[in-house]
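The sequence shown begins at -11 in the working numbering and counts up by one. Structure record follows, encoded as structure tokens.
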Amino acid sequence: MSEPDIDSINHVGIVARDLAATSARYEALGFTLTPFSPHSGAWKPGEPVQRLGSGNRCVMFGRNYLEILANEDAAQPSARLEGYLRHHQGGHIICFNSENLPSVERRITDSGLKTSGVLPLQREIDTPEGVRTAKFERAQFAPDESPEGYIQAARHLTPQYIYQPRYTGHENGCTELSSGYVVVDDLRRFRERYEVYTGLRPRLEEGAAIFDFALCSRLVLMDTARALRDLPGTLYPPLPGIAAVGFRCPDVPAQAQRLRARRIPFATTAEGRLVVPAEEASGIAVVFEPLEKR
């Protein structure tokens, strides 16, 4: 493998039917959320940037984040989000971070897979100095061959508008989006495809392939048996699917007390992780991971 051109999971995106209810739930979990921010972008290279009908609120950290997407106007819903919601509510996007998108695109197309090309994306962001336009570049991977979700890489062109310190502190003390979990029906096939996507070789465990990134975070591909063990609950996405997102939590016992006080159901795994099941978090399991876990 050549020098990696992807260094982390930049964000995981979940699609919510009811943004107000989902926001309230994640605030109850101890997260600070950004204000709503509408999306604009282009779907093909060379097309103009236009409003997309969607927007987000985010759980921000210093280097990555969780994105909660919803329709900007319920009376004029985004066709893209409505398509996601017909499939299921929950995890639909994994976006890797790259400072060299042309290298990523070239590497993937050289492998025989298609990409969307490098496309512009932007959204309006409230800053202490007023509203500013945050700009990105993105490239979607294998649009017709990624049934697990919208898998892409992005480069932030204006990171100062995204990673605002006023939004990166959280009551629960979490410091990072540390893991994305994808449950698959053919672990070897998906492992080989994500080796192409990431340019990395994974660590192999029973029922799982784990991609550790240089900057921060990890991606965990797991089979159903591993998911039933590590992600206890009753709601899972259709296979293959993005099933959970993990957060680095420096004080797991305190977070367990917080969840109990707020009557939010959770399970504790043998490795000391807390798992709020997907049915309690708008369709995606939320995992609080001790600092020493990668």
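Glycine included, every Cβ here is placed at the ideal spot set by N, Cα and C.
Taking C-beta atoms as the reference points, Arg189 and Glu180 fail to come closer than 8 Å. Per DSSP, the unbroken alpha helix (DSSP H) holding Asp218 starts and ends at Thr212 to Asp218.
Secondary structure of Glu55 (DSSP, three-state): strand. A Cβ-Cβ distance of about 6 Å is found for the pair Ser86 and Arg143, placing them in contact under the 8 Å criterion.
Secondary structure remark: continuous alpha helix (DSSP H) runs of at least 4 residues inside the stretch 70 to 141, in chain order: 89 to 98. In this structure, Glu136 is the residue among Glu136, Arg95, Ser25 and Phe129 with its C-alpha nearest to the C-alpha of His76. A contact is defined here as three or more CB-CB pairs under 8 Å, and the stretch 45 to 53 fails this definition with respect to the stretch 104 to 112.
In terms of Cα proximity to Ala196, the closest of Thr186, Gly187, Tyr185 and Leu209 is Leu209. In this structure, Leu192 is the residue among Asp200, Asp239, Leu192 and Ala242 with its C-alpha nearest to the C-alpha of Asp211. For the options Ile272, Gln152 and Glu277, the alpha carbon positioned closest to that of Arg13 is the one of Ile272.
Annotation for Arg176: no beta strand (DSSP E) segment contains it, though the alpha helix (DSSP H) segment containing it runs Leu175 to Thr186. Three or more Cβ pairs drawn from the stretch 227 to 245 and the stretch 161 to 177 lie within less than 8 Å of each other, which places the two stretches in contact. In summary, Ala127 is buried, with 16 or more beta-carbon neighbours lying within 10 Å of its beta-carbon over all protein chains present. For Tyr169, the enclosing beta strand (DSSP E) has its first and last residue at Glu164 to Val171. Collapsing the DSSP output to three states places Pro26 in a strand. Between Leu279 and Ser(-4), the gap from beta carbon to beta carbon reaches 8 Å or more.
The beta carbons of Phe19 and Val47 sit about 5 Å from each other, so the pair counts as a contact at 8 Å.
In the displayed model, Ile2 falls within a strand according to three-state DSSP.
Here Val119 is exposed: its Cβ has fewer than 16 other Cβ atoms, across all protein chains shown, within 10 Å.
The alpha carbon of Val106 has as its nearest neighbour, out of Glu117, Glu93 and Leu73, the alpha carbon of Glu93.
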